[in-house]
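This report concerns only the one structure given below.
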Amino acid sequence: LYHRDGSLIKQLTSGKWIVTGLISFDLNSKGLFYTSTAVSPLQDQLYYLDMKSGKSTRLTTDEGVHNPVVRADGKYFITRFSNPSVASRTRLISFSGKINRILHEDVNPLKDYKTGDVSIVMLKADDGSDLYARLTKPTDFDPAKKYPVLVYVYGGPHAQLVTGDWLNGGGLFDQYLAQKGYIIFTLDNRGSANRGFEFESCIHRNLGVIEMADQMKGVEYLKSQPWVDASRIGVDGWSYGGFMTLTLKLNHPETFRVATCGGPVTDWKYYEVMYGERYMDTPEQNPEGYKNACLLDKVDKLEGKLMIIHGGQDNTVVWQNSLQLLIQCIEQKKQVDYFVYPTHEHNVRGIDRAHMYRKLAEYYDQNL
């Protein structure tokens with residue numbers, strides 16, 4: 339809490355969790371409504387803070403990720419939430435707790451489809467940090483069989499892929515691949531969001547190193563499972579995830595049989611200043627970090643299959659990133675697959691996204 343002159347009055351909350359949102363201020367009782375990850379890094383719950391006593395009270399009781407709206411007088415709130423067993427439910431709740439009514443609940447949109455089981459796996463990083471991963475098994479999973487695995491990665495700041503909501507944050511493409519007999523694995527490494535400053539900032543000036551170490555912890559886990567075909571592991575990612583896909587493929591060619599990436603950063607000196615210099619400082623201030631994170635001089639390590647996708651109008655990860663990588667592939671006599679969506683910027687949207695998903699699925703069927 340700060341005075342309007344900018345001076346600190348007192349700290350209102352503390353703990354190894356983060357405040358994810360300031361929802362409302364109750365003018366009558368001078369209390370504060372906020373959301374936080376105090377229950378779990380995978381959940382968002384609503385709390386009321388008595389600013390005089392400093393006591394926080396949890397108001398939402400359903401597990402999951404909540405998106406609440408509080409009435410101006412603080413007497414009622416509406417929360418729309420989701421968890422692994424509830425696609426979406428909206429409740430009206432009174433602050434006193436006397437009213438707790440379901441206003442709307444969505445029908446499971448996948449109830450008529452065969453889906454793969456989704457579960458959360460928790461691993462340990464080298465520094466002891468908890469790492470959360472989402473594991474989607476094939477439909478009609480048979481533990482006596484061995485299955486190919488696709489590791490889907492992002493790994494960068496401001497993103498959390500593994501959550502406590504519907505499908506644990508997974509998408510429908512995961513389920514499509516599960517129907518085709520693939521295991522899909524996604525891990526939030528150190529550097530990802532909603533785990534606090536220390537967890538997220540440890541990658542500063544040295545992008546790709548800690549993230550790769552944590553992702554390989556996930557691969558070690560996969561290889562230890564009797565139902566994983568360790569000779570058929572692929573990796574896929576977009577943007578920062580494209581950077582991570584190439585980082586993993588080029589540094590561990592023996593592990594990843596297939597890699598697919600979209601809009602990948604290959605040299606951080608090409609990336610926009612407001613993001614790149616926030617996490618890497620300038621090339622002049624951090625030459626070693628830029629050199630280590632550059633992928634262009636690692637192309638000689640490329641083995642197996644690689645497909646690169648780029649939007650022809652990409653103004654976020656500019657085209658030089660993938661074109662310079664292609665130049666290096668040609669010089670190193672490495673064969674790669676390359677596809678452009680001419681009318682799209684950094685992300686492929688609309689009906690063309692269905693085209694992209696089909697292209698990716700066919701690539702895995704042919705090569706993984």
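Under the numbering used here, think of the first position of the sequence shown as 339, with each following residue one higher.
Glycine included, each C-beta is placed from N, C-alpha and C at the ideal position.
The three-state secondary structure of TRP576, taken from DSSP, is strand. The beta carbons of LYS643 and ASN705 sit closer together than 7 Å. Taken through DSSP and simplified to helix, strand or coil, HIS682 comes out as coil. For the 7 Å CB-CB criterion, GLY402 and VAL456 do not form a contact. By the Cβ rule, the segment 409-419 counts as touching the segment 427-443, because three or more pairs are nearer than 8 Å. For VAL655, the three-state secondary structure derived from DSSP is coil. By the criterion of a C-beta distance shorter than 6 Å, SER426 is surrounded in its chain by SER420, ASP444, once the five residues flanking it on both sides are discounted. When the Cα atoms are used, ASN630 and ASN544 turn out to be separated by approximately 8 Å.
PRO476 counts as buried, since no fewer than 16 other beta carbons sit within 10 angstroms of its beta carbon. Proximity to LYS697 across LYS462, LEU633, CYS599 peaks at CYS599, based on C-alpha coordinates. Rounded to whole angstroms, the separation of the alpha carbons of ARG570 and HIS590 is 14 Å. In the DSSP assignment, ASP364 forms a beta bridge with GLY369. In the DSSP assignment, MET694 falls outside any beta strand (DSSP E) and lies within the alpha helix (DSSP H) extending over 689-705. In this chain, the beta strand (DSSP E) harbouring GLY600 covers 596-600.
Within the DSSP bridge table, the entry for VAL459 names ALA471 as partners. Contact check for LEU448 and MET460: beta-carbon distance about 25 Å, past the 8 Å limit, so the pair fails to qualify. By the CB criterion at 7 Å, LEU430 and HIS404 fall outside the cutoff. Within the segment 609-664, the runs of alpha helix (DSSP H) at least 4 residues long that lie entirely inside it are, in chain order, 611-618, 625-631. In the assembly as shown, GLN381 is a buried residue. Its beta-carbon has 16 or more other beta-carbons within 10 Å.
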